[in-house]
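Q: The following block contains the structure, expressed as structure tokens.
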Amino acid sequence: MIPRISQAPQISKLTTEFLKILKENGFTGDISSRYSDRLTMATDNSIYQLLPQAVVFPRSTADVTIIARLVEEPRFHSLSLTPRGGGTGTNGQALTDGIVVDLSRYMKRIIEINPKERWVKVEAGVIKDELNLFLKPYGFFFAPELSTSNRATLGGMINTDASGQGSMVYGKTSDHVLGVNAVLLGGEQLETRAMNVALAEDIAKQSSTTGKIYNTVLSRCKAQRNLILEKFPKLNRFLTGYDLRHVFSDDMQVFDLTRILTGSEGTLAFITEATLDITPIPKQRCLINVKYDSFDSALRNAPFLVKANALSVETVDSKVLNLAREDIVWHSVDALIKDVPNKDMQGLNIVEFAGDDEDLISSQVKSLCQRLDNLMENTQGGVIGYQICDELADINRIYAMRKKAVGLLGNAKGQAKPIPFVEDTCVPPENLADYITEFRALLDSHQLNYGMFGHVDAGVLHVRPALDMCSPEQELLMKSISDDIVALTAKYGGLLWGEHGKGFRAQYSPEFFGERLYHELRQIKTVFDPRNRLNPGKICSPLDNNEPMKQVDAIKRGTFDRTIPLSVRQDFRGALECNGNGLCFNFDVKSPMCPSMKISGQRIHSPKGRATLVREWLRLLAEQGVEPKQLTSHLANNKPSLRGLIEKTRNTWKANRGEYDFSHEVKEAMNGCLACKACSTQCPIKIDVPSFRAKFTALYHQRYLRPLKDHIVANVELTTPLMAKAPRFFNFFMKQPIVQSLSKHTIGMVDLPLLSSPTLKQQLAGHHALEMTLEDLERLPETQRKQYVLVVQDPFTSYYEAKVVVDFVKLVEKVGFKPVLLPFSPNGKAQHIKGFLQRFSQTAQKTATMLNRIAKLNIPMVGVDPALVLCYRDEYREILGESRGSFNVQLVHEWLSTLENNPISICKKNEKWYLLGHCTEVTALPQSMKQWQTIFKRYGQQLDFISTGCCGMAGTYGHESNNYENSLGIYQLSWGNILKKLPTTHCLSTGYSCRSQVKRIDKIELKHPLQALLEIIS
């Protein structure tokens, strides 16, 4: 039996006291010291791991002020605090063993916009893309671009002075911050803005903390001006961290303290609000995707492209391109980056032109294309082809692929994964190709694979060498390579920190700055934070402080993961290979991943959070000498016993009385998962939470009793066919208030659907679809079998929405085929979702055997519901392996797509229909919506695909009492709002769950697209 994991790392008594005092003093945000919440804050998008003492989530600047005031009381002077945003940093900037102050959960207000003066004021937790969505109707956008823009907060961007594509024109974040509101330790508020030096000198005379800060920064930056100008490299990306260079304007007449705070990584103050300048959206945009025979050619050709006055020049190597080809993202760009016949594309440069002058953009594009043609004609520059993209949707698709490249590198095959630790070096663009040649030679000397992409116009290249961080030897190699790259970058006049900040790499700062300037940085840190309590160990330490800086070779995720046996790591690959890129934190409610994160706002309810908890759970089991495979084998070979039941009952009773087990925290996170499987395709690493959730749940319930509802759900495919024999009888009782109350409060199920009446068989009584047996089909000649289509039943449409199956039978006939309804055989998906893996394996094997027998007839097998049909392809393959066989059950659109020359008379005139996608289908089969559109077009109809998130039902999730509020909330995030704007009589959905959720909440009965087609041709 699985052991109880009884101990979590304790927090200090001082931290406990501080959290108590914080709540008593009017703090309105959330406070958590739970192990699960701390673990989700122990990692970011880097390789490091550091467990905080606690996490606080302020709701306002006032809450942050309370934190800053109380922590300055003498009794709390040993506590440290670290501000945190989206957690997308690649260098551990927001990791701490102190208290995390997370501003991303609640501080998300867009406070004010002034389009006339072109500025907007926001709180620190606003996400970058979220702001741009708000600004778009005004004709503006916030210009600094970065690959994590759909989950990176503006507070995080400001603290790391983030930038990316287009920085040659648009600059870095610091170039767009007009001022900030910050809270200093002690609670004093600091407001910054550009001002004349005389006013700054007046402020410097004040006795307040603000006055002391102004005095120090003014005097030190003025005294060291010549050294600062001499030392700092002349690069577009300049330098993150206390920006001594730009505190003064070039003529020394204007002073702006904002520049000290932008890039300070939370080491000086809590930035809670910011006023940002905004940029008009360019009216014209055009991309040219230039293809090369080698990555070196792409790099060396970059200056040629920059001279064309482009907005940006981005580069991608063959490693990234090939990973993109294997990802779901490629279907959206394959027509825009076509392979060149008989040429091997090894590099890609993405050149963008943008502006308001259409003629100018057109002439720039035409000129560059002519020059590219000349290069190809003369076989120069390694250019083998190019494609132009001038549609905004296509441009966005290209950049979506490029942005996803960061995460895609983590999906490389094998134990070694490309990791960030030297991946944002910056050198003068003219030195880039030579620099990268030496960079690659260094990596090649260690026989390392690596991926490269970046902003060649600015001289920034992201290089991620593949290392197995579970190997102590490879961990040492990482430090050695890091040291070598520091020296190489200095040789070419560049920076180690060109884009992603310092974090744990701040240990190289003294060497770069030199003793005198590094001393100036420490003086600034001292006046803001004399006791080194704000994000200690990053940027620099105060004077007279001997606490060590964070080190590049600090404890990493791999340090913990290597204690888990390799076989377990492979079995729980989805959890162990999460690299923290955080795409599952995407704010967009129309994105299918991850609905539980979107509605809860809690990191534990995300693929990354769940992966983190399972990793730790496996590590703690390994500490006790337990391997899940041993437990699974034990479970398979042992039948239920009275002794086992008594022990589970005792354990459950203890748990209900408060006995701690970390497994309960993991189980809570798993219970929030909707099993929509969007993560298995949308996540760059393909983190399949439902897969490892099922394994965890099976093991968890070796120790603890299952709730009654789990057994009801797992047996739904056994009980429903029996109940369907008397649907009116069971429906009568299901409608009774006392039964509904009993179901809700005793079983934990709500709004259970009613059985179809009349039943499927009653509606098809006398129809030949019921009369043909498998034996009859087997006796038919092969030529006659081509006339038939086999309808594979699922428990939901067959027994709760029989009209859909009946209509499919009629549609099959309308298009000239003979339908045959196959005998119902349980699919087992509900068993998998609830972790009844042994029973699911038995169900899957039995049904697979039947379907493989039928597949020998070479007659199309078609199922109606996407979730159940896709289960045959995914979960069956995972649980059965080779024994699954080769049968193929098609979805309706897949079969209809094969009937291209099917002559059908159309009875309904051209109308417009709207298809709202089923989240599992649109993520697993990204072409499905286009296929439906093609089918409708064939029958003279227009079908618009409406992008939505999850409907919130997800099988039985929405029927479970504990999920009820979240289910309704998820629905309103996208589906509810969208349906209010559309003619619902022409709205369609392929998913049974989606249609039942709409019916339950909005009392609207959506059609399956096949029903609309039947209506069209009838």
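Under the UniProt record's numbering, the sequence shown has 343 at position 343, and the numbering climbs by one with no breaks.
Don't be surprised by glycine CBs; every beta carbon is placed ideally from N, CA and C.
Would you check if the distance between the CB atom of V169 and the CB atom of L14 is smaller than 8 Å?
A: Contact flag unset, no.
Q: Between the Cα of D344 and the Cα atoms of N322, V365, G574, which residue gives the shortest distance?
A: That would be N322, whose Cα lies nearest to the Cα of D344.
Q: Any idea which residues DSSP pairs F945 with across the strands?
A: DSSP, once it has assigned bridges, lists L915 as partnering F945.
Q: Locate the beta strand (DSSP E) running through C286, then write down its first and last residues.
A: Residues 284-292.
Q: Which one or two residues does DSSP pair with M749 in a beta bridge?
A: Its beta-bridge partners are E960.
Q: Inspect the CB distances between the segment 299-318 and the segment 155-170 and report whether three or more fall short of 8 Å.
A: They touch, by the three-pair rule.
Q: In whole angstroms, what is the alpha-carbon distance linking E520 and I228?
A: Their Cα atoms are separated by approximately 10 Å.
Q: Residue range of the alpha helix (DSSP H) that T272 falls in?
A: Taken as a continuous stretch (DSSP letters only), T272 belongs to no alpha helix (DSSP H), being part of the beta strand (DSSP E) at 270-277.
Q: By how many angstroms is the C-alpha of A675 removed from the C-alpha of R1000?
A: Distance between the alpha carbons of R1000 and A675: 20 Å.
Q: Pick helix, strand or coil for H986, following the three-state DSSP scheme.
A: Helix at H986.
Q: Near F270, what residues of its chain come up, given a Cβ to Cβ distance below 7 Å and the 5 sequence neighbours on each side ignored?
A: These residues qualify, in order along the chain: V64, A68, P83, V101, A182, V183.
Q: Use the C-beta contact count for I278: other C-beta atoms within 10 angstroms, 16 or more gives buried, fewer gives exposed.
A: Per the 10 Å Cβ criterion, buried.
Q: Name the residue from I524, P542, Q523 whose alpha carbon lies nearest to the alpha carbon of N532.
A: Closest option to N532, Cα to Cα, is P542.
Q: Kindly indicate which three-state DSSP category C540 falls into: helix, strand or coil?
A: C540: coil per DSSP, three-state reduction.
Q: Within 10 angstroms of the Cβ of E778, are there 16 or more other Cβ atoms? Answer buried if so, exposed if not.
A: When all chains shown are included, E778 counts as exposed.
Q: Roughly how many whole angstroms lie between the Cα atoms of A354 and L360?
A: So the two alpha carbons sit approximately 10 Å from each other.
Q: Considering N132, what are the terminal residues of the alpha helix (DSSP H) in which it resides?
A: Its alpha helix (DSSP H) spans residues 128-135.
Q: Report the option in L1010, R603, V804 whose CA atom is closest to the CA atom of D37.
A: Comparing Cα-Cα distances from D37 to each of L1010, R603, V804, the minimum goes to R603.
Q: Which ranges would you report for the alpha helix (DSSP H) in the segment 753-781 if only whole runs of at least 4 residues count?
A: With a minimum length of 4 residues, the continuous alpha helix (DSSP H) runs that stay inside the segment 753-781 are 760-763, 768-771, 774-779.
Q: Decide if F439 is buried, meaning its Cβ has at least 16 other Cβ atoms within 10 Å, or exposed.
A: With 16 or more other Cβ atoms within 10 Å, it is buried.
Q: With a threshold of 16 other CB atoms inside 10 Å of the CB of M401, please say whether the residue is buried or exposed.
A: It is buried - the Cβ of M401 has at least 16 other Cβ atoms within 10 Å.
Q: What is the C-beta distance between residue 1083 and G451, in whole angstroms, given that I count them as a contact (C-beta under 8 Å)?
A: Here the chain has residues from 1 to 1018 only, and residue 1083 is not among them.
Q: How close, in whole Å, do the beta carbons of R785 and S757 come, if the pair is a contact with beta carbons under 8 Å?
A: Contact doesn't hold; Cβ gap of about 34 Å is too wide.
Q: Out of I203, D710, A611, point me to the one whose CA is closest to G835's CA.
A: Minimum Cα distance to G835 is reached at D710.
Q: Report the CB separation of L535 from T267 in whole angstroms; it is logged as a contact under 8 Å.
A: The sequence shown places Asn at residue 535, not Leu. Confirmed, about 5 Å.
Q: What separation, rounded to the nearest whole angstrom, lies between the Cα atoms of L870 and I978?
A: Approximately 26 Å between the Cα atoms of the pair.
Q: Taking the Cβ atom as the reference point for each residue, do G382 and N289 lie within a distance shorter than 8 Å?
A: No, the pair does not count as a contact, with Cβ atoms beyond the cut-off.
Q: Any idea what DSSP makes of V217, helix, strand or coil?
A: Of the three classes helix, strand and coil, the one that applies to V217 here is helix, per DSSP.
Q: Following the continuous alpha helix (DSSP H) through D484, name the residue where it begins and the one where it ends.
A: Start and end: 472-491.
Q: Tell me L348's beta-bridge partners as DSSP assigns them.
A: The partner list for L348 (beta bridge, DSSP) reads K291, V316.
Q: What residues in its chain sit with their C-beta under 6 Å from that of E577, if we drop five residues either side in the sequence?
A: Cβ within range, chain order: I685.
Q: Going by the CB atoms, is the gap between F585 and V614 shorter than 8 Å?
A: No, Cβ-Cβ distance for V614 and F585 is not below 8 Å.
Q: Under 8 Å between C-beta atoms, does L718 make it to chain D?
A: You won't find chain D in this structure, because it holds only one protein chain.
Q: For the alpha helix (DSSP H) that P83 lies in, which residues bound it at each end?
A: First-last for P83: 81-84, but that is the beta strand (DSSP E), not the alpha helix (DSSP H).
Q: Would you be able to state if there are at least three C-beta pairs under 8 Å between the segment 188-201 and the segment 492-509?
A: No, the segment 492-509 is not in contact with the segment 188-201.
Q: Measuring alpha carbon to alpha carbon, tell me which residue in N731, E801, P58 is nearest Q763.
A: Among N731, E801, P58, the Cα nearest to that of Q763 is on E801.
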